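First comes the structure, then the notes that go with it.
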Amino acid sequence: MHMLVARFIEEYGIMQVLNLKIFEAGMISDIFLL
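In this note's numbering, each residue's number is its place in the sequence shown (first place is 1) plus 844.
Written out as structure tokens, the structure reads:
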């Protein structure tokens, strides 16, 4: 059970980082388009 929770948190954290990187890339592209 503990391992499952740790794995979920790890994968969720990775997803959060990916979302943040995608968001940053979108902001940067918006700045360049302006």
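Where is the CB? At the ideal position from N, CA and C, for every residue including glycine.
Note that this is a predicted model, so its numbers are computed, not measured.
Euclidean distance between Cα positions of residue i and residue j
i           : j           : result
residue 857 : residue 846 : 16 Å
residue 860 : residue 876 : 24 Å
residue 873 : residue 867 : 10 Å
residue 854 : residue 848 : 10 Å
residue 865 : residue 850 : 23 Å
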